[in-house]
Amino acid sequence: VKRVYAFGKDAQGNNVTEGNTNMKAILGGKGANLAEMANIGLPVPPGFTITCQTCMEYANADNTWPEGALDTIQEYRDDLEARIGKKIGDAEDPLLVSVRSGAPMSMPGMMDTVLNLGLNDQSINGLIKQTENPRFAWDSYRRFIQMFSNVVMNLDGDLFENAITAMKHARGVASDTDLTAEDLQELVSEFKQIFAENVDAEAYPSLVVDGTVQFPQDPSVQLQLAIEAVFGSWNNPRATLYRKQNKIADDLGTAVNVQSMVFGNKGNTSATGVAFTRNPANGEKEFYGDYLVNAQGEDVVAGIRNTSPIADLKNVEGLEEAGRELEEVFVTLENHFRDMCDIEFTIEQGKLWMLQTRVGKRTAAAALHIAIEMEKEGLISKEEAVMRVDPEQLDQLLHPQFDKNASYDVVAKGLNASPGAAVGEAVFSAADAVDVAEAGRKCVLVRWETNPDDLAGMIAAEGILTSHGGKTSHAAVIARGMGAPCVCGVEALRIDAEKKQASVVGTDIVIKEGDMISIDGTTGSVVLGAVELVLPEMTGDLDTILEWADEFRKLGVRANADNPEDAELSRGFGAEGIGLCRTEHMFLGDRKQIIQTFILNEDPAVREKAVNELLEAQTGDFLGMFRAMDGLPVIVRLLDPPLHEFLESPRALDVEIAKLEATGGDKALIAEKRMLMEQIDGMSESNPMLGLRGCRLGIVYPILPVMQVRAIATACAELKKEGLDPKPEVMIPLVSVVAELEKLRKVAEDTIAEVAAEQGVELDIPVGTMIELPRAAVTADEIGSVADFFSFGTNDLTQTTFGFSRDDVEAEFVPQYLAERLLPYNPFATIDPGVAKLVEMGVELGHKGNPDLVCGVCGEHGGDPDSVKMFHTIGLDYVSCSPYRVPLARLAAGQAAL
Ligand code: ADP
Ligand code: MG
Ligand code: MG
16 VKRVYAFGKD AQGNNVTEGN TNMKAILGGK GANLAEMANI GLPVPPGFTI
66 TCQTCMEYAN ADNTWPEGAL DTIQEYRDDL EARIGKKIGD AEDPLLVSVR
116 SGAPMSMPGM MDTVLNLGLN DQSINGLIKQ TENPRFAWDS YRRFIQMFSN
166 VVMNLDGDLF ENAITAMKHA RGVASDTDLT AEDLQELVSE FKQIFAENVD
216 AEAYPSLVVD GTVQFPQDPS VQLQLAIEAV FGSWNNPRAT LYRKQNKIAD
266 DLGTAVNVQS MVFGNKGNTS ATGVAFTRNP ANGEKEFYGD YLVNAQGEDV
316 VAGIRNTSPI ADLKNVEGLE EAGRELEEVF VTLENHFRDM CDIEFTIEQG
366 KLWMLQTRVG KRTAAAALHI AIEMEKEGLI SKEEAVMRVD PEQLDQLLHP
416 QFDKNASYDV VAKGLNASPG AAVGEAVFSA ADAVDVAEAG RKCVLVRWET
466 NPDDLAGMIA AEGILTSHGG KTSHAAVIAR GMGAPCVCGV EALRIDAEKK
516 QASVVGTDIV IKEGDMISID GTTGSVVLGA VELVLPEMTG DLDTILEWAD
566 EFRKLGVRAN ADNPEDAELS RGFGAEGIGL CRTEHMFLGD RKQIIQTFIL
616 NEDPAVREKA VNELLEAQTG DFLGMFRAMD GLPVIVRLLD PPLHEFLESP
666 RALDVEIAKL EATGGDKALI AEKRMLMEQI DGMSESNPML GLRGCRLGIV
716 YPILPVMQVR AIATACAELK KEGLDPKPEV MIPLVSVVAE LEKLRKVAED
766 TIAEVAAEQG VELDIPVGTM IELPRAAVTA DEIGSVADFF SFGTNDLTQT
816 TFGFSRDDVE AEFVPQYLAE RLLPYNPFAT IDPGVAKLVE MGVELGHKGN
866 PDLVCGVCGE HGGDPDSVKM FHTIGLDYVS CSPYRVPLAR LAAGQAAL
């Protein structure tokens, strides 16, 4: 196996680079692009790259070197010394190198780099002699000891920073650059002393000389320890956590780049900087970045001194030439990589050197703008432009945000569960949220966690804040569905719902009911007080890219919406219909009373009256929906949740009764409440999610589907008479056997026919079903034969396929499964391949039963880009997702087709 690859030129100026940009898996991103830059003739300090695979072998063998690897490294080191004509550690003219990490995926700041390696008490003299600049030489030496101690030996960086500060005090100077060569030489002695006092002799026997630890003078020891430290940094806790969060595999390893040093700290014609070839914030084509004169390495990003904008470089005496060359490099890089690049460079005494480049990270707005501009410039095709934008990122663009110019203090942080910002009074119960909203004021609902009982309050509130639960908790899922901002899992928040207040752990901050608070679901921030909100600047760029995506995509995109406002919103975002209109949200508020009356009264007359009231209300709902979506399909799902969700909880009643008894409340009222409690208790199920819900409700209470279909058909007929073109469809949930669908289809068809006759209007309303139980998927041929359409309810289908309760999934084992990688990702967020197989089977069998069957997906997965790709492959007709995710689904569907 080849373990080491050279890059850069030889002594004769010939390019001897062995790698290229396509070898990121072997050379890491940095190594592969250093090679690429050398190949296209850019000035890259020569060096070599040790492969990622060597890192993994080393790590897997308990930090021991694979046979022969050290010899190969020695060969490449000899070769590098020959190419440059200097030797590491030489007392006359030493070569210095940097040892740089570089994984296949960019992991900014996660792993380690050591600069100026090769300095020791001998080679420092050579460096002084060659540069005739003792100050620079001693500064380099002290930086090396500092970095080596910190990065390789894990000593606390403060030990050294404190020594520098003390020195500055002693000399009465403010800036590092004011320290003299003598000062720095003295610091080097102090640093070596700190090293000797703090390194554990037992852990590093090779560093012990005459019974005490000493800073290693042998360059070979320095080099080997530094390489081993970079390998080790792959598995440091920071890097491990970063990989987990960013779904990067643990077995990639990091490469190590050993590269000859160039110096940005050799005086006023030297500099170091970082830059982007375009503005990464807004995408404008302009020089973007910062530099520092007479500085090294991380000084620029570390914010030690104030930097200058890159555009000024050409105007600085001694840097003009390098500044102009840098601008040419920008163009070369963009033409070569055909994308916006970020770069790191150093200017040594007027000469420009390139130290790193990669395709640059950018905001959503910049991603759109750059893709479109580059297409116009002829640099990339339309297809590529569509591929260039990350669908997930679009979320940033569509919601209100904190005004960037506002100043505010973040009092706590949680998970950024649903994007956008909200401002309002803190309220601590769903009922209070409803009250405040009805009084025309804005509120943020603050809960420990939310549950279905909180739904009305969640709808009423501007945003949702919870102290528990993860990104797929009830609060998060519902909030995303509604497009409401949500910050969840704010661990520092101690909520006392009884007292209607919350405190922030570790502070004396108390948030009381009515206090204004602001939350930012894009960042997870919680702020006390009202932050100014701004609507994101919607550029035409988004429309352009989405129109291009539309040209390519095969999948339709519909929205999940259950009120006219959301329907209109999603239509504005380009939804081609409503894939799921849930009707249970229409049974909240005042109507909860009506449905309770229906459920709890055996008397048919009372029941009928309740149903008639619901019929009237529902007809109004559907009029609004169908009007908003005129000309486009609206799939209305018949009532789905377990009925108990509409009833009071027996426990709450129990508490109420106890209170009444304690305060000598009205006997008759107590008796009534007690009866109610017993009745509700009698109806309770052990597993309501697997109980009386979905189509089972319609079979047990046929009057409910009759009422709902009648409302749908009546609204449809009325609008037709107005000359509109309503296109409702009736969807029957949670079917497991074909007989259920047959029975309810008949109910629906009869009702539609009745209404058509009554109204004297022709009604053609398709009837279909949700496929959300494994049995339905595997018998989809039978079910398809009586359905006009299928909609795969992948939330329930995931729940019932895995046998995971989706309401409890955050709490216990799933987080552990993810941590231990028993599952690669949360199957409720991204469709699991096993569940997808059931969908695929459902589509295929369904078409056997009915060749004209229309198949779609509703549920969270419809708005998840990876899942959208899967659904494209399976050959579904459309996906349906929450309104705010419609643009994202359009883009993902376009990308899936390319
Ligand atoms: P990171 O991956 O954290 O950016 P790098 O390996 O890029 O770490 O190193 C950080 C900085 O150190 C670089 O941006 C550059 O300024 C400096 N540096 C690294 N290698 C060299 C070198 N051979 N010569 C001069 N400066 C270097
Ligand atoms: Mg870097
Ligand atoms: Mg369902």
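So the sequence shown is numbered by the working numbering: it starts at 16 and just counts up by one. Using N, Cα and C, we set each Cβ at its ideal position, and we do this for glycine too.
Once DSSP output is grouped into helix, strand and coil, what is the label at I209? Residue state for I209 is assigned as helix, using DSSP reduced to three classes.
Proximity below 8 Å, CB of P898 to CB of L584: Going by C-beta atoms, P898 is nearer than 8 Å to L584.
Less than 7 Å between the CB of V883 and some heavy atom of ligand 1, yes or no? Not under cutoff, so the answer is no.
I'd like the span of the alpha helix (DSSP H) that includes G871, first residue to last. Careful: G871 lies outside any alpha helix (DSSP H), inside the beta strand (DSSP E) at 869-873.
State the Cα-Cα distance for the pair K45 and G455, rounded to the nearest angstrom. K45 and G455 have their alpha carbons spaced roughly 56 Å apart.
Considering only C-alpha positions, which residue in the set T845, E855, G849 is nearest to G874? For the options T845, E855, G849, the alpha carbon positioned closest to that of G874 is the one of T845.
Along the chain, where does the beta strand (DSSP E) containing Y303 start, and where does it finish? Counting along the chain, Y303 sits inside the beta strand (DSSP E) bounded by residues 303-308.
Tell me whether Q371 sits in a helix, a strand or coil according to DSSP, three-state version. Strand at Q371.
Out of Q68, F206, V245, state which residue places its alpha-carbon closest to the alpha-carbon of V228. Residue nearest to V228 within the set Q68, F206, V245 is F206 (criterion: CA-CA distance).
Check for me: the alpha helix (DSSP H) holding T813 runs from which residue to which? 809-817 is the span of the alpha helix (DSSP H), which, as asked, contains T813.
Looking at the structure shown, is A76 part of a helix, part of a strand, or coil, going by DSSP? Coil.
Which residues does DSSP list as the beta-bridge partners of K742? K742 is bridged to P648.
By Cβ distance, which residues of its chain are closer than 6 Å to V273, with the 5 residues on each side in sequence left out? Apart from the 5 residues on each side of it in sequence, V273 sits with its Cβ closer than 6 Å to the Cβ of G62, F63, V112, V114 in its chain, given in chain order.
What span of residues does the alpha helix (DSSP H) with R115 cover, start to end? First-last for R115: 112-117, but that is the beta strand (DSSP E), not the alpha helix (DSSP H).
Looking at C-beta atoms only, is the number of pairs between the region 476-484 and the region 802-817 that lie closer than 8 Å three or more? With fewer than three CB-CB distances shorter than 8 Å, the region 476-484 does not count as touching the region 802-817.
Separation of D266 from M122, as counted between CA atoms: Those two C-alpha atoms are separated by around 14 Å.
Stretch-stretch touch, CB-based, cutoff 8 Å, three pairs: the region 71-89 with the region 384-396: The region 71-89 is not in contact with the region 384-396.
Segment contact, 8 Å Cβ cut-off, at least three pairs: the region 779-795 with the region 739-755: Contact check between the region 779-795 and the region 739-755: three or more CB pairs, one atom from each, fall below 8 Å, which counts as touching.
I need the boundaries of the alpha helix (DSSP H) containing E671, first residue and last residue. Run containing E671: 665-677, per the alpha helix (DSSP H) assignment.
Taking the CB atoms as reference points, tell me whether R509 and A499 lie closer together than 8 Å. 8 Å or more divides the Cβ of R509 from the Cβ of A499.
What span of residues does the beta strand (DSSP E) with I479 cover, start to end? Per DSSP, I479 belongs to the beta strand (DSSP E) from 478-481.
Please state the DSSP three-state secondary structure of T195. DSSP places T195 in coil when its eight states are reduced to three.
Spatial neighbours of D696 within its chain, please: CB distance less than 7 Å, with the 5 preceding and 5 following residues excluded, ordered by chain position. Within the same chain, D696 has close Cβ partners P665.
For Y91, three-class secondary structure by DSSP: Helix, per DSSP.
Taking 7 Å as the cut-off, does the CB of Q311 come closer than this to any heavy atom belonging to ligand 2? Ligand 2 never approaches Q311 closely enough for any of its heavy atoms to be under 7 Å from the residue's Cβ.
In its own chain, which residues sit with a C-beta less than 6 Å from the C-beta of V167, not counting the 5 before and 5 after it? If the five residues before and after V167 are omitted, its C-beta is found closer than 6 Å to the C-beta atoms of L240, A241, A244, all from its own chain and listed in chain order.
Just curious, the beta strand (DSSP E) that L853 is in, first and last residue? Here L853 belongs to no beta strand (DSSP E); instead the alpha helix (DSSP H) covers 848-864.
Where E562 falls, given that 16 or more other Cβ within 10 Å makes a residue buried: Result: exposed.
Along the chain, where does the alpha helix (DSSP H) containing T914 start, and where does it finish? The requested residue 914 does not occur in the structure, where the chain is confined to residues 16 to 913.
At least 3 beta-carbon pairs within less than 8 Å: the region 601-610 vs the region 902-912: No, the region 601-610 does not touch the region 902-912.
8 Å Cβ shell around P830 - same chain, five flanking residues per side excluded: The answer, listed in chain order, is G485.
Taking all protein chains shown into account, decide if V59 is buried (16 or more other Cβ within 10 angstroms of its Cβ) or exposed. When all chains shown are included, V59 counts as buried.
Near G709, which residues of its chain fall below 6 Å by C-beta distance, leaving aside the five closest residues on each side in sequence? Answer for G709: D655, P748, L749, listed in chain order.
If distances are taken between C-alpha atoms only, which option among T128, D127, A74, A26 comes closest to A97? Among T128, D127, A74, A26, the Cα nearest to that of A97 is on A26.
Chain-ordered list of residues that sit, by beta carbon, closer than 6 Å to a heavy atom of ligand 2: Residue selection by CB proximity (closer than 6 Å to any heavy atom of ligand 2) returns E359, Q371 in chain order.
Limits of the beta strand (DSSP E) - the one that S518 falls within: Its beta strand (DSSP E) spans residues 516-519.
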